[in-house]
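> Sharing a structure, written as structure tokens. Questions coming.
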Amino acid sequence: MLARKPLFPGVIELNFQAGEVLGCNVYLIHDSNEWILIDIGYEETVDDFIEIIRGLDFPLSRCKTLVATHADVDHIQGLAKAKQILKTTISAHPNAVEPLTTGDTLKTLAVIEAQNLNMAMPPVEIENQINDGDIITVGKKQIEVWHTPGHTDSQLAFRIGDVLLSGDNLYRDGCIGAIDAHHGSDIRSFVQSLTRIRESDVKWLAPSHGPIFAKDNAMLDRVIERVRGYLHMADFGTLAEDWPLMNEWDEEVEQGILPDGWQAPTE
Numbered sequence: 001m002l003a004r005k006p007l008f009p010g011v012i013e014l015n016f017q018a019g020e021v022l023g024c025n026v027y028l029i030h031d032s033n034e035w036i037l038i039d040i041g042y043e044e045t046v047d048d049f050i051e052i053i054r055g056l057d058f059p060l061s062r063c064k065t066l067v068a069t070h071a072d073v074d075h076i077q078g079l080a081k082a083k084q085i086l087k088t089t090i091s092a093h094p095n096a097v098e099p100l101t102t103g104d105t106l107k108t109l110a111v112i113e114a115q116n117l118n119m120a121m122p123p124v125e126i127e128n129q130i131n132d133g134d135i136i137t138v139g140k141k142q143i144e145v146w147h148t149p150g151h152t153d154s155q156l157a158f159r160i161g162d163v164l165l166s167g168d169n170l171y172r173d174g175c176i177g178a179i180d181a182h183h184g185s186d187i188r189s190f191v192q193s194l195t196r197i198r199e200s201d202v203k204w205l206a207p208s209h210g211p212i213f214a215k216d217n218a219m220l221d222r223v224i225e226r227v228r229g230y231l232h233m234a235d236f237g238t239l240a241e242d243w244p245l246m247n248e249w250d251e252e253v254e255q256g257i258l259p260d261g262w263q264a265p266t267e
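At the far end of the sequence shown sits residue 267, using full-length UniProt numbering, and the numbering has no gaps.
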């Protein structure tokens, strides 16, 4: 059995656990021998994540559901394969149901012809529709669902005590999830979602890409001001050449580095 490396009590991020970045952050939430996954990533890494879960001694039959934070291909392409292996259900926001059940390659950004991007998007049935204010129970643990549109119209975040699994709303370097009309972005909604996070009393943000970090209201104020400015600008998009934060994340995962002020949970 692998030694578990939880970020918070009952919360394991599988890339950090593996010491290797395989794709988007995949959070395993567990309590009382029951567990769920928040996102799964690409189809090609499903087997890797399943092997990590086996090594951590989580019975595959005890996976309560697979949760999609939103319907972007880098988060959910592997859902159909993982569902078949785990024999469980899929949970997602109502706005994610159609693109996931139809395998919509446009809204999921699986196909971007102008960038010669062409990926498969296997359709998958959604058994559970979840929305703002819903509670997902895992054992005795309660996970509060937030609908935080902006990056996409289906973007969800999940609060567990002082921690918000914040999806693609915000990253440690102040970047936000890509704004692209094809997958349902909306700038005004993004400002509202970021403001909700800013005004909340959560202490830690655990995003869908990159490292966890302490919520910094001053940083959030700057981000909100910047994003609000996008309402009046035409020079943003999804064509950035690189993202330095991801290079930092690779190094931190390999070295097991966590932020100052973080304390290892006891289990």
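Glycine residues also receive a C-beta, built at the ideal position from the N, C-alpha and C atoms. Predicted, not measured: the structure shown is a model, and the values here were computed from it.
At a Cβ threshold of 8 Å, is Thr105 touching chain B?
In the structure shown, chain B cannot be found, because there is only a single protein chain.
> With a CB to CB cut of under 7 Å and the five nearest residues on each side skipped, what residues in its chain are close to Ile52?
So the list reads Leu14, Gln17, Ala18, once near-sequence residues are dropped.
> Which value, in whole angstroms, describes the spacing of the CA atoms of Asp168 and Val21?
Taking the straight line joining both Cα atoms gives about 17 Å.
> Kindly list the residues whose CB is nearer than 6 Å to the CB of residue 342, restricted to its own chain and excluding five residues on each side of it in sequence; keep chain order.
The shown model of the chain, from 1 to 267, leaves out residue 342, and the question about it has no answer.
> Where does the unbroken beta strand (DSSP E) through Asp31 begin, and where does it stop?
From DSSP, the beta strand (DSSP E) with Asp31 extends over 27-31.
> With 16 as the cutoff for other CB atoms within 10 Å, does Glu43 come out buried or exposed?
Buried.
> Pull up the distance between the alpha-carbon of Arg62 and that of Glu225, whole angstroms please.
In a straight line, the C-alpha of Arg62 is about 44 Å away from that of Glu225.
> What is the rounded straight-line gap between the Cα of Glu125 and the Cα of Leu60?
Distance between the alpha carbons of Glu125 and Leu60 is about 20 Å.
> Can you tell me the Cα-Cα spacing of Ile179 and Glu248, whole angstroms?
Spanning the two alpha carbons is a distance of roughly 23 Å.
> To test your reading of the DSSP string, which unbroken alpha helix (DSSP H) runs of 4 or more residues are found completely within the segment 173-225?
The segment 173-225 contains these whole alpha helix (DSSP H) runs: 187-199.
> Relative to the C-alpha of Asn131, which residue among Lys64, Val145, Leu231 is closest?
That would be Val145, whose Cα lies nearest to the Cα of Asn131.
> Can you tell which of Gln115, Ala114, Ala120 has the C-alpha that lies nearest to the C-alpha of Thr108?
Per the Cα distances, Ala120.
> Taking 8 Å as the cut-off, decide whether the C-beta atoms of Leu66 and Ala80 are in contact.
No, Cβ-Cβ distance for Leu66 and Ala80 is not below 8 Å.
> What are the boundary residues of the beta strand (DSSP E) that includes Gln84?
Unbroken run through Gln84 is the alpha helix (DSSP H), 79-86; no beta strand (DSSP E).
> Distance check for Met246 and Pro94, CA to CA, integer angstroms please.
If you take the alpha carbons of Pro94 and Met246, they lie about 30 Å apart.
> Find the nearest neighbour of Arg54 within the set Arg4, Gly229, Asp201, judged by alpha-carbon distance.
Of Arg4, Gly229, Asp201, the residue nearest in Cα terms is Arg4.
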